[in-house]
Amino acid sequence: MQFKPFTGILAVLLLAGMNPAFPTTTAIEVQNVIKSQDLTKLTSMLKKNPKLVDTKSKGGSTPLHWAAFYGSTPCATLLMDAGAPLDARTDSGSTPLHWAANRNAKSVVELLIQGKADVNATCSKGYTPLHWAAIGNAADVATLLIEAGALVNIRATDGNTPLHWAIRKESFDVSRLLVLKGADLNVRADDQSTPLSLIKNKELRLVIEQAVSAAAAAAATPPAAPASPAASTPVPDPVEPAVATTPRPATPPPVPVPTVTPASPNQPVQVLSLPGGSTYTGQTMDNLPHGQGIYTFYNGERFDGSWWKGQPHGPGTYRYPNGDVFSGSWQGLNFLYGTGVYHFADGDVYSGQWRDNRISGHGRYTTSDGKVFEGQWDNNRHLVGP
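In terms of this note's numbering, the sequence shown has 500 at position 133, counting the first letter as 1, and numbering is strictly consecutive.
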């Protein structure tokens with residue numbers, strides 16, 4: 368059977384498990400104002416009745432749900448500034464982020480994520496915003512969700528993962544993205560289907576095979592150490608971190624696919640030996656690092672921590688040849704994600720949030736001579752104090 372993408376308001380209502388009946392008069396008025404993006408009128412309505420942000424249509428949708436549906440960033444901003452609940456749920460448990468994800472409303476999704484909306488919120492069927500992005504072939508949004516911590520292998524109440532739905536809907540871009548981010552092609556839903564078994568399209572199968580190969584090749588390449596933060600003066604009376612600017616080592620070339628030395632039957636640890644001198648000792652799956660293990664690269668770099676399908680994923684410590692050490696959370700290769708502590712070889716230390724191998728978010732940077740710079744950072748630049 369050929370599945371077609373959900374479209375229109377009715378689709379979102381059905382996905383939410385809602386009865387697509389007309390909402391109350393007040394809710395209809397708010398919805399129409401949001402649809403027309405009449406900010407002046409919406410501002411006036413909220414000023415007269417601040418509680419409108421909590422007004423629900425029949426089925427439980429709030430004004431922020433509709434701003435998400437229509438992809439109206441200005442309306443969403445206005446509603447959020449007025450106190451609209453980010454994780455408000457419909458009667459079936461869907462949040463504004465679910466609706467924005469399904470509509471590929473990238474700017475609204477960015478706004479909701481910045482506001483700390485729950486990227487792994489589940490509706491009554493157990494579907495997350497990433498499931499809905501897969502159903503709607505919303506690749507841009509899926510990328511944002513994963514970068515914000517969305518779980519790629521999360522299972523709904525029926526056992527379906529986002530990849531199940533991406534393949535059912537023949538969402539090429541989302542399917543490729545999920546595989547590259549470690550989605551499991553062999554996980555079984557309650558109906559015993561696996562994402563792999565659902566591939567019917569030859570072109571999609573080729574896309575999946577290429578993504579699997581790319582993920583495997585990337586798994587053998589050690590990540591490069593991030594550069595020290597650059598000094599910046601974007602605020603009055605700025606303080607410039609006296610940070611090291613020593614060039615970091617280049618990323619070594621990829622290494623070949625490993626040969627496997629089986630461990631003893633009673634020991635769930637294997638040793639993977641790679642031509643050139645790299646080794647991995649730890650738990651594996653399908654001859655790839657999977658679980659806890661230590662990967663020592665031929666150039667002396669070493670990662671000790673959690674792995675998923677051949678990629679660092681979760682807590683771990685990475686030691687670089689130049690003496691840099693990073694301890695924190697990893698999500699894929701060449702991607703420091705979340706919160707961690709980075710000890711630079713020159714004595715500088717940063718403790719705080721990271722994104723895309725860069726210091727981004729709130730953190731504390733201490734130079735080797737004792738100077739401290741704490742506050743908000745973006746792309747290795749100190750923006751403002753706490």
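For glycine and all other residues, C-beta sits at the position ideal for the given N, C-alpha and C.
Alpha carbon to alpha carbon, how far is residue j from residue i? Give it in angstroms, no decimals.
i: Ser491; j: Ser428; result: 14 Å
i: Asp715; j: Val708; result: 11 Å
i: Pro430; j: Val739; result: 44 Å
i: Trp697; j: Leu453; result: 27 Å
i: Pro496; j: Ala488; result: 7 Å
i: Thr646; j: Asp691; result: 20 Å
i: Thr410; j: Ala523; result: 38 Å
i: Arg543; j: Ala578; result: 6 Å
i: Arg615; j: Ser461; result: Note that Arg615 scores 32 on pLDDT, short of 50, meaning its location in the model is unreliable and no value can be drawn from it.
i: Val622; j: Ser580; result: Below a pLDDT of 50, predicted positions are generally treated as unreliable, and Val622, at 32, falls in that range; the measurement from the model is reported next regardless. If I take the Cα positions, the gap works out to 14 Å.
i: Thr734; j: Asp653; result: 43 Å
i: Gly660; j: Asn689; result: 22 Å
i: Trp744; j: Glu514; result: 17 Å
i: Gln720; j: Ala467; result: 26 Å
i: Gly344; j: Ser694; result: Not covered by the structure: residue 344. The range shown for the chain is 368 to 753.
i: Val397; j: Asp485; result: 25 Å
i: Arg456; j: Asn416; result: 21 Å
i: Leu545; j: Ser640; result: 28 Å
i: Leu518; j: Lys473; result: 18 Å
i: Thr392; j: Asp448; result: Low confidence applies here, because Thr392 scores a pLDDT of 39, under 50, leaving its location unreliable and the question unanswered by this model.
Inspect the beta-carbon positions of residue i and residue j and report whether they are closer than 9 Å.
i: Pro562; j: Asn568; result: no
i: Asp507; j: Asn471; result: yes
i: Asn504; j: Lys548; result: no
i: Pro656; j: Gly667; result: no
i: Asp551; j: Thr528; result: yes
i: Ala501; j: Val541; result: yes
i: Gly677; j: Ala583; result: yes
i: Ile480; j: Ser439; result: no
i: Trp675; j: Tyr662; result: no
Over what stretch of residues does the alpha helix (DSSP H) that includes residue i continue unbroken?
i: Thr410; result: 406-415
i: Thr444; result: 440-448
i: Ile480; result: 473-481
i: Leu511; result: 506-514
i: Phe436; result: 430-436
i: Ser542; result: 539-547
Quick one, which of the options has its alpha-carbon nearest residue i's?
i: Arg572; options: Ala583, Leu545, Gln559, Ile534; result: Ile534
i: Leu478; options: Arg456, Gly695, Leu512; result: Leu512
i: Gly681; options: Phe664, Ser474, Thr706, Gly493; result: Thr706
i: Cys442; options: Thr422, Thr407, Gln577; result: Thr407
i: Trp433; options: Asp458, Pro463, Phe711, Gln678; result: Pro463
i: Ala712; options: Gly695, Gln678, Arg686, Tyr494; result: Arg686
i: Glu741; options: Gln404, His729, Trp532; result: His729
i: Tyr717; options: Ala582, Tyr732, Gly526; result: Tyr732
i: Lys423; options: Ile395, Ser694, Thr510; result: Ile395
i: Lys483; options: His710, Gly516, Lys676; result: Gly516
i: Asp421; options: Thr684, Asn399, Leu446; result: Leu446
i: Ser459; options: Lys473, Gly426, Gly450, Ala435; result: Gly426
i: Lys414; options: Thr510, Gln404, Gly450; result: Gly450
Could you give the first and the last residue of the continuous beta strand (DSSP E) run that contains residue i?
i: Leu655; result: 655-663
i: Ile502; result: From DSSP, Ile502 is part of no beta strand (DSSP E) but of the alpha helix (DSSP H) over 496-502.
i: Arg470; result: From DSSP, Arg470 is part of no beta strand (DSSP E); its letter is neither H nor E.
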